[in-house]
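Colleague:
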Amino acid sequence: MTAPSPGWRLRSIGLRRGQRTIFQNLSLDLDEARIALIGHNGAGKSSLLRLLVGLDAPQQGSLSWAGQAADMARRAHGSPGGRLASLMFQNPDDQIIFPTVAEELQLSWRSAHDGNRKGARSGALQFLEQHGLLHWADRAMGTLSQGERQWVCWLAMLLARPRVLLLDEPYASLDLPGQLRLAADIRRCTQQVIISTHVLHPVRDFARVIWLEDGRVRADGPGREVCPAYEAEARRNFANATGDG
Numbered sequence: 001m002t003a004p005s006p007g008w009r010l011r012s013i014g015l016r017r018g019q020r021t022i023f024q025n026l027s028l029d030l031d032e033a034r035i036a037l038i039g040h041n042g043a044g045k046s047s048l049l050r051l052l053v054g055l056d057a058p059q060q061g062s063l064s065w066a067g068q069a070a071d072m073a074r075r076a077h078g079s080p081g082g083r084l085a086s087l088m089f090q091n092p093d094d095q096i097i098f099p100t101v102a103e104e105l106q107l108s109w110r111s112a113h114d115g116n117r118k119g120a121r122s123g124a125l126q127f128l129e130q131h132g133l134l135h136w137a138d139r140a141m142g143t144l145s146q147g148e149r150q151w152v153c154w155l156a157m158l159l160a161r162p163r164v165l166l167l168d169e170p171y172a173s174l175d176l177p178g179q180l181r182l183a184a185d186i187r188r189c190t191q192q193v194i195i196s197t198h199v200l201h202p203v204r205d206f207a208r209v210i211w212l213e214d215g216r217v218r219a220d221g222p223g224r225e226v227c228p229a230y231e232a233e234a235r236r237n238f239a240n241a242t243g244d245g
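Right under this line is the structure:
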């Protein structure tokens, strides 16, 4: 018997939003533990993450995970404690629900523990303590900077323990120490992590970086090769546009 495929399979994906075509006949295998999506605004990075998590559905083609249709795989992992994939949005305000840090993390704790409310606060506090942030527990979300709120979203995702972590521009709101800390956390993750990013230094050592351009794959390979090629193209385009070339 053939073993099920280990990761995501996108086959001839077509996605339209209104009159705009996002993807046309996009096919990808996404198996690596660390994958970055790069490219200019509107290239399709966020749309690809939305497809994987199930917020968007393709109008054509097929999407599967581990040999199972993606919608069936999500349902199979949809019980509390078994979510297949979670998406961290670029804007933390699109994700945060509760007024304090501890309350936000309690929701994630319950998600990972069969919806059980008992022990949720102590579990959230213990998790914050493990990350050196116990003093944040009762802080109101409105008192946090955007970068701090982004960090809360990251912790909430980790605490919920999905099989796949999808991160949309996770470095955008973080200062350099925060970027380095997040990159270190990602290296320690046991789950698959797929990131869309304009910040390239944390993903140069990724085994796989996919450069998207207008919904198509422009380049696909190790970060040490794809990131410099993307940067060189951006510099050439800037030089041509400004007459500095």
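Letter by letter, the sequence shown follows residues 1 to 245 of full-length UniProt numbering. Here a beta-carbon is modelled for each residue, glycine too, at the ideal position from N, C-alpha and C.
Along the chain, where does the alpha helix (DSSP H) that runs through Glu225 open and close?
Modeller: Gly223 to Thr242
Colleague: What do you get for residue 247, buried or exposed, if any count of 16 or more other CB atoms within 10 angstroms of its CB means buried?
Modeller: Nothing about residue 247 can be read from this structure; the chain reaches only from 1 to 245.
Colleague: Mind checking Ile97: buried by the 16 CB within 10 Å criterion, or exposed?
Modeller: So Ile97 counts as exposed.
Colleague: Is Ala102 near Ala124, with beta carbons less than 8 Å apart?
Modeller: yes
Colleague: Go ahead and label Thr143 buried or exposed: buried means 16 or more other beta carbons lie within 10 angstroms of its beta carbon, across all protein chains shown.
Modeller: A residue is called buried once 16 or more other Cβ atoms fall within 10 Å of its Cβ, and Thr143, having fewer, is exposed.
Colleague: Just curious, the alpha helix (DSSP H) that Arg50 is in, first and last residue?
Modeller: Lys45 to Val53
Colleague: Would the region 188 to 206 and the region 25 to 44 be scored as touching if the rule is three or more Cβ pairs under 8 Å?
Modeller: yes
Colleague: With H, G and I counted as helix, E and B as strand and the rest as coil, what does DSSP make of Ala36?
Modeller: strand
Colleague: Quick check: the region 162 to 173 against the region 11 to 29, are at least 3 beta-carbon pairs closer than 8 Å?
Modeller: no
Colleague: Hey, how far is the Cα of Gly67 from the Cα of Asn240?
Modeller: 46 Å
Colleague: Just verifying my parser: in three-state terms, what is the DSSP assignment at Phe127?
Modeller: helix
Colleague: What do you reckon, are the CB atoms on Phe23 and Ile13 nearer than 8 Å?
Modeller: yes
Colleague: Helix, strand or coil for Glu169 per DSSP?
Modeller: coil
Colleague: Drop a sphere of 10 angstroms on the beta-carbon of Met1, count the other beta-carbons inside from all chains shown, and report buried for 16 or more, exposed for fewer.
Modeller: Reliability fails at Met1, whose pLDDT of 34 lies under 50, so the model's placement of it is uncertain and no value is given.
Colleague: If we call anything under 8 Å between Cβ atoms a contact, is Leu52 one with Leu174?
Modeller: no
Colleague: At the level of alpha carbons, what is the spacing between Trp109 and Gln192?
Modeller: Roughly 20 Å between the two C-alpha positions.
Colleague: Which residues in the same chain as Gly178 place their Cβ atom closer than 6 Å to its Cβ, once the five residues preceding and following it in sequence are excluded?
Modeller: So the qualifying residues of the chain are Gly147.
Colleague: Tell me where the beta strand (DSSP E) around Ala85 begins and ends.
Modeller: Ala85 to Met88
Colleague: Exposed or buried, what is Cys189 when buried is set at 16 or more other beta-carbons lying within 10 Å of its beta-carbon?
Modeller: exposed
Colleague: Could you tell me how far apart the beta carbons of Glu225 and Ala156 are, in whole angstroms, since I believe they sit closer than 8 Å?
Modeller: Glu225 to Ala156, Cβ: 34 Å. No contact.
Colleague: Name the DSSP bridge partner or partners of Ile96?
Modeller: Paired residues: none, contrary to the question.
Colleague: Measure the alpha-carbon distance for Ser122 versus Ala229 and round it to whole angstroms.
Modeller: 48 Å
Colleague: Mind checking Ala184: buried by the 16 CB within 10 Å criterion, or exposed?
Modeller: exposed
Colleague: Would you mind sorting Arg236 into buried or exposed? The rule is 16 or more other CB atoms within 10 Å of its CB.
Modeller: Result: exposed.
Colleague: Can you tell which of Leu28, Arg9 and Gly42 has its C-alpha closest to the C-alpha of Thr197?
Modeller: Gly42
Colleague: Our contact map puts Leu30 next to Gly7 with C-beta atoms below 8 Å; I'd like the distance itself, whole angstroms only.
Modeller: Contact flag correct, Cβ pair sits at about 5 Å.
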